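Taken in order, these protein sequences are the chains called P and W. The first sequence begins at 1 in the working numbering and counts up one residue at a time. The second sequence begins at 229 in the working numbering and counts up one residue at a time. Using N, Cα and C, we set each Cβ at its ideal position, and we do this for glycine too. None of the values given here were measured: they were computed from a predicted structure.
Protein chains: 2
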Amino acid sequence: MHESSDEHMLERILNNNEDLAAHNREHFDAAGLLCINLMSAPGAGKTSLLERSLLDLSKHWQCSVIEGDMVGELDADRLRKLGVDVSQISTGKSCHLDAQMVARVVHSKALDKLDYLFIENVGNLVCPADFPLGEHKRVVLLSVTEGDDKPLKYPVIFHNCDVVLFTKCDLLPYVNFSVARATQYVQDLNPRAQCFAVSIVTGQGIDDWLNWLSSAYLQSQKNMPVSI
Amino acid sequence: MHESSDEHMLERILNNNEDLAAHNREHFDAAGLLCINLMSAPGAGKTSLLERSLLDLSKHWQCSVIEGDMVGELDADRLRKLGVDVSQISTGKSCHLDAQMVARVVHSKALDKLDYLFIENVGNLVCPADFPLGEHKRVVLLSVTEGDDKPLKYPVIFHNCDVVLFTKCDLLPYVNFSVARATQYVQDLNPRAQCFAVSIVTGQGIDDWLNWLSSAYLQSQKNMPVSI
Numbered sequence: 001m002h003e004s005s006d007e008h009m010l011e012r013i014l015n016n017n018e019d020l021a022a023h024n025r026e027h028f029d030a031a032g033l034l035c036i037n038l039m040s041a042p043g044a045g046k047t048s049l050l051e052r053s054l055l056d057l058s059k060h061w062q063c064s065v066i067e068g069d070m071v072g073e074l075d076a077d078r079l080r081k082l083g084v085d086v087s088q089i090s091t092g093k094s095c096h097l098d099a100q101m102v103a104r105v106v107h108s109k110a111l112d113k114l115d116y117l118f119i120e121n122v123g124n125l126v127c128p129a130d131f132p133l134g135e136h137k138r139v140v141l142l143s144v145t146e147g148d149d150k151p152l153k154y155p156v157i158f159h160n161c162d163v164v165l166f167t168k169c170d171l172l173p174y175v176n177f178s179v180a181r182a183t184q185y186v187q188d189l190n191p192r193a194q195c196f197a198v199s200i201v202t203g204q205g206i207d208d209w210l211n212w213l214s215s216a217y218l219q220s221q222k223n224m225p226v227s228i
Numbered sequence: 229m230h231e232s233s234d235e236h237m238l239e240r241i242l243n244n245n246e247d248l249a250a251h252n253r254e255h256f257d258a259a260g261l262l263c264i265n266l267m268s269a270p271g272a273g274k275t276s277l278l279e280r281s282l283l284d285l286s287k288h289w290q291c292s293v294i295e296g297d298m299v300g301e302l303d304a305d306r307l308r309k310l311g312v313d314v315s316q317i318s319t320g321k322s323c324h325l326d327a328q329m330v331a332r333v334v335h336s337k338a339l340d341k342l343d344y345l346f347i348e349n350v351g352n353l354v355c356p357a358d359f360p361l362g363e364h365k366r367v368v369l370l371s372v373t374e375g376d377d378k379p380l381k382y383p384v385i386f387h388n389c390d391v392v393l394f395t396k397c398d399l400l401p402y403v404n405f406s407v408a409r410a411t412q413y414v415q416d417l418n419p420r421a422q423c424f425a426v427s428i429v430t431g432q433g434i435d436d437w438l439n440w441l442s443s444a445y446l447q448s449q450k451n452m453p454v455s456i
């Protein structure tokens with residue numbers, strides 16, 4: 001009986017989250033911005049990717065970041081050094097952001113002038129997959145140091161995303177990771193996912209990633225509802 | 229109101245887990261075995277550490293492994309190749325093992341002849357910290373590729389463990405990770421935690437880790453209740 005009531009509780013929580021994610025999406029669409037949810041295990045390089053991307057994007061576009069962490073503002077402080085607007089969400093004991101946490105920030109932010117809103121989720125390859133936040137695109141980072149079998153072991157997050165970035169490719173000579181094999185595992189789960197092999201250290205693949213961001217932004221402008 | 233009922237539900241789940249963990253511990257103590265819960269982010273090298281440890285331990289001791297994964301038996305199959313008894317728990321969408329999942333396996337296993345029981349948790353640096361399984365010792369692996377700031381960002385799991393292994397130390401020349409700084413961060417949170425820098429590739433620190441295991445086993449034999 002307990003298990004069954006737990007299941008109902010979980011279903012209710014997930015349904016509430018879906019409703020709030022749809023609400024957040026309406027705000028994003030009304031503002032005409034592109035919202036991207038970045039997810040990965042701890043230490044796969046989400047903040048480094050953001051630093052590198054914002055260096056380029058900020059020249060021409062208005063960008064903002066929502067940072068999700070259990071505690072502290074280490075990553076937010078790194079990004080603020082670039083002059084970027086960053087809102088911190090401290091999740092406490094929670095292992096993922098949810099749409100309600102994001103809604104609170106969204107309601108306190110002037111979204112109208114923004115072009116890109118990046119949400120850096122808590123480092124976790126499991127739970128964030130079940131909690132959409134209203135984002136237009138879901139991007140998963142997999143560090144090559146984690147091993148190319150991870151899509152097989154954590155399928156939910158790879159099944160339900162738009163892009164997979166294999167990060168830290170400068171370390172490929174020292175680890176047992178096949179980009180071809182990892183790409184195949186991802187595409188077996190999710191044929192529409194685009195995969196890029198990148199390195200912040202050498203610059204490998206960064207242009208491809210930035211081009212994808214531009215295309216996604218342009219596409220979002222075509223698809224935006226004229227008004228809510 | 230919803231948040232409050234969610235909190236009560238969570239409290240009840242955690243309390244139930246504590247009770248079942250205590251029950252598992254009674255079984256472990258009755259069998260006179262040492263149970264170790266291995267936790268880390270995905271890809272930090274839990275299975276590789278187990279392979280290396282079992283190669284040595286199996287010469288003299290009866291060892292068994294409980295493998296926790298969302299899906300599949302990839303890691304279990306790797307360990308079975310060593311001739312070690314492995315029980316798989318598939319957690320499905322759950323992001324951690326809990327004491328009830330472990331209890332089901334414990335009740336189906338002949339524990340009496342075992343000396344070491346290793347539990348490899350789901351790759352996740354957040355949720356497993358809240359769900360003790362009845363283990364005597366908690367060991368956290370942090371790959372040096374994840375960055376030395378992780379104890380600051382995921383404090384709960386580091387606060388409540390016995391050992392931290394900094395893994396993949398063969399990659400130290402290529403990443404920005406200070407073992408001294410990471411050790412300090414861990415010990416600021418948890419002064420009783422022992423830290424070892426290890427590499428399966430070069431063998432660095434493996435003897436220290438195996439010596440710790442032996443000491444923990446001997447100590448457990450002194451502390452075991454004579455009967456339950």
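Alpha helix (DSSP H) segment containing residue i, residue limits
i	result
Ala408 of chain W	407-417
Val106 of chain P	99-107
Tyr445 of chain W	434-451
Ile347 of chain W	Careful: Ile347 of chain W lies outside any alpha helix (DSSP H), inside the beta strand (DSSP E) at 344-348.
Leu152 of chain P	150-153
Segment limits, beta strand (DSSP E) that includes residue i
i	result
Ala197 of chain P	194-197
Phe166 of chain P	163-167
Val367 of chain W	365-371
Nonlocal neighbours in the same chain, by C-beta distance under 8 Å from residue i, ignoring five residues either side
i	result
Asn223 of chain P	none
Asn124 of chain P	Met39, Ala41, Pro42, Cys95, His96
Arg280 of chain W	Ile428, Ile434
Val84 of chain P	Leu54, Ser58, Cys63, Ser64, Val65
Thr202 of chain P	Cys169, Asp170
His136 of chain P	Arg25, Phe28, Leu34, Cys35, Ile36, Ala216, Ser220
Leu380 of chain W	Tyr413
Gln328 of chain W	Asn244, Asn245, Leu248
Cα-Cα separation, residue i to residue j
i	j	result
Asn24 of chain P	Leu133 of chain P	7 Å
Asp188 of chain P	Ala180 of chain P	12 Å
Leu218 of chain P	Cys169 of chain P	28 Å
Tyr402 of chain W	Cys423 of chain W	21 Å
Ala304 of chain W	Gln316 of chain W	7 Å
Ala331 of chain W	Leu142 of chain P	33 Å
Ser214 of chain P	Asp247 of chain W	53 Å
Asp376 of chain W	Leu302 of chain W	29 Å
Trp209 of chain P	Leu82 of chain P	20 Å
Phe28 of chain P	Ile428 of chain W	47 Å
Glu239 of chain W	Tyr154 of chain P	27 Å
Met229 of chain W	Ile264 of chain W	Note that Met229 of chain W has pLDDT 38, beneath the 50 cutoff, so the model's placement of it is unreliable and the number below is only indicative. So the alpha carbons of these two residues sit roughly 39 Å apart.
Asp297 of chain W	Phe131 of chain P	20 Å
His159 of chain P	Ser448 of chain W	44 Å
Asp234 of chain W	Met9 of chain P	8 Å
Gln204 of chain P	Ala197 of chain P	7 Å
Tyr413 of chain W	Phe394 of chain W	12 Å
Thr91 of chain P	Val71 of chain P	7 Å
Ile385 of chain W	Pro191 of chain P	36 Å
His60 of chain P	Leu50 of chain P	16 Å
Asp390 of chain W	Asp284 of chain W	21 Å
Ser336 of chain W	Arg138 of chain P	41 Å
Ser178 of chain P	Val164 of chain P	14 Å
Ala193 of chain P	Leu342 of chain W	46 Å
Proximity test, residue i beta-carbon vs the ligand HEM heavy atom, cut-off 8 Å
i	result
Asn388 of chain W	This structure does not include the ligand HEM; it has no bound ligands of any sort.
Contact set for residue i: own chain, Cβ-Cβ below 6 Å, skip 5 residues either direction
i	result
Gly32 of chain P	Met224
Asp112 of chain P	Ala31
Pro128 of chain P	Met39, His96, Asn121
Leu242 of chain W	none
Leu345 of chain W	Leu261, Cys263, Ser292
Lys150 of chain P	Leu142
Ala309 of chain P	Beyond the ends of chain P as shown, which are 1 and 228, falls residue 309 of chain P; an answer cannot be given.
Beta-carbon neighbours of residue i, restricted to chain B and to distances below 7 Å
i	result
Gly300 of chain W	No chain B is part of this structure, whose protein chains are labelled P and W.
Contacting residues, own chain, Cβ-Cβ under 7 Å from residue i (five flanking each side not counted)
i	result
Asn439 of chain W	none
Val106 of chain P	Asn24, His27
Val314 of chain W	Val293, Glu295, Ala304, Leu307, Arg308
Leu400 of chain W	Val372
Ser276 of chain W	Ile428
Checklist entry - At which residue ranges does the stretch 6-89 of chain P contain complete beta strand (DSSP E) runs of 3 or more residues, listed in the order of the chain? => result 34-40, 63-69
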